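Here the structure is laid out as structure tokens; the discussion comes afterwards.
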Amino acid sequence: VAAVEKIRFFAGDVRSGTKMHINIGHTTVMAEVAAFGVPDGEGVGNDYAVQAMLERMTRLSIDSAPPPFDDSRAYLAQEELYGIEGRPLGASTSQQGAPEVPFSSGGGGAAAGGDDRHHGRQWLLLRFSTPVTAPSDALVFGARLELDVHGEQCRLAFFGRLVKTFALSDDEAIGKLKVYKVKERYGVLERLQPDGVSGICRGLFKKQTDLSVFVGLRVATRRGETAVIEGAFGKSGKFRVQFDQPPLLQGRTPDDNQLVLRFKKYVFAEKKDGKAKPVQ
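Residue numbering for the sequence shown follows our numbering, starting at 1383 and increasing by one per position.
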């Protein structure tokens, strides 16, 4: 894991899942990159962005100790590495958790003052194609060396410092890296049961889906009514829910019966029976 900053002269993208040339120690090797960072609401606004970037760059210099990496907290998986322009709120599905009230237009906590950009520290998980030998806090440079050396494009994409190392074969260590994606599924409340607080729903799952990993998760209607998934109803993908309070029937429209399930899926979590359990 490397704490990094994108080089502002690099005009291309540094997208998760792509392979790049990484200069580390005394060698240059290929590595697949995966970006992650702090969720929306933990960055800074536009007015402080440049100063924050300069402070981060100072910490990444060889004359300073690398910034600490807290592997006990959760981080948001991101589609790419962003520069001084910041990450637009909503560039990835980035609510911090699974909000109880769905269908809102919020991005999960914009910076004060209505800023529409998110400026926060980012990290890259570097999956090297071959083992490398380097100090545990080594400088790293990412580049697109396949670009024309005589062209006008800057080939250096990012720089940073190693903050954590482990072998890719060490599944237990990788599984402790808490990087998540926020997932959303939409369905419909089909009908309420006679007791007025339990219901039958459809649309969230396919008939072959193992609903056991979703039992206990919370869903919400467009009206903000929340319920807990109790289990499957038949074999067609329908499921039973228990509402916290009886849903209001007065003035109810079909749109009010729309459901949303929001949950976190941890990218590197240990899978049981081939399935990673979603959490909220």
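We put the CB at the ideal spot given by N, CA and C, even for glycine. Being a predicted model, the structure only gives us computed values, none of them experimental.
**OP:** Indicate the three-state DSSP secondary structure (helix, strand or coil) for L1550 in the structure shown.
**Re:** Secondary structure of L1550 (DSSP, three-state): coil.
Original post:
Which residue or residues does DSSP assign as beta-bridge partners of N1405?
Top reply: Beta-bridge pairing links N1405 to T1410, F1523.
**OP:** Indicate the three-state DSSP secondary structure (helix, strand or coil) for G1557 in the structure shown.
**Re:** G1557: helix per DSSP, three-state reduction.
**OP:** Can you have a look at S1487 and say buried or exposed, based on whether 16 or more other CB atoms are within 10 angstroms of its CB?
**Re:** Residue confidence is low: S1487 scores 34 on pLDDT, short of 50, so the model does not pin down where it sits. Its coordinate-derived value is still stated next. S1487 counts as exposed, since fewer than 16 other beta carbons sit within 10 angstroms of its beta carbon.
Original post:
Bridge partners of G1542, per DSSP?
Top reply: According to DSSP, which records beta bridges pairwise, G1542 is partnered with V1386, V1522.
Subject >> Nonlocal neighbours in the same chain, by C-beta distance under 8 Å from M1439, ignoring five residues either side >> reply: These residues qualify, in order along the chain: E1387.
Original post:
What's the C-alpha gap between R1644 and V1595?
Top reply: Each residue's Cα considered, the two are about 14 Å apart.
**OP:** Quick one: residues in its chain with C-beta nearer than 8 Å to the C-beta of A1393, no 5 flanking neighbours on either side, listed in chain order?
**Re:** Annotation for A1393: Q1535, C1536 place their beta carbon closer than 8 Å to its own, counting only its chain and skipping 5 residues before and after.
**OP:** Assign L1507 to one of two classes, buried (16 or more other C-beta atoms within 10 Å of its C-beta) or exposed (fewer than that).
**Re:** So L1507 ends up on the buried side.
Original post:
Since K1563 sits in a beta bridge, which residues does DSSP pair it with?
Top reply: K1647, per the DSSP bridge assignment.
Original post:
Quick one, which of V1610, I1444, R1634, L1559 has its alpha-carbon nearest F1523's?
Top reply: Closest option to F1523, Cα to Cα, is I1444.
Original post:
Below 8 Å between beta carbons: does that hold for F1451 and V1561?
Top reply: Cβ distance not < 8 Å, so F1451 and V1561 don't count as in contact.
**OP:** Determine, using beta carbons only, whether T1603 and L1641 come nearer to each other than 8 Å.
**Re:** It is a contact, given that the beta carbons lie within the stated cut-off.
Subject >> Closest Cα partner of Y1568 within the set E1467, T1410, D1638 >> reply: Residue D1638 holds the alpha-carbon nearest to the alpha-carbon of Y1568 among E1467, T1410, D1638.
**OP:** For L1599, write down the residues that DSSP places opposite it in a beta bridge.
**Re:** Under DSSP, no beta-bridge partner is assigned to L1599.
Original post:
When DSSP labels each residue in this structure, what does Y1430 get in the three-state scheme?
Top reply: Helix.
Original post:
So, do the stretch 1630-1637 and the stretch 1537-1545 have three or more beta carbon pairs nearer to each other than 8 Å?
Top reply: Contact between the stretch 1630-1637 and the stretch 1537-1545 is absent: fewer than 3 CB-CB pairs across the two stretches fall below 8 Å.
Subject >> Rounded straight-line distance, which links the Cα of V1383 to that of P1517 >> reply: Rounded to whole angstroms, the gap between the alpha carbons of P1517 and V1383 is 13 Å.
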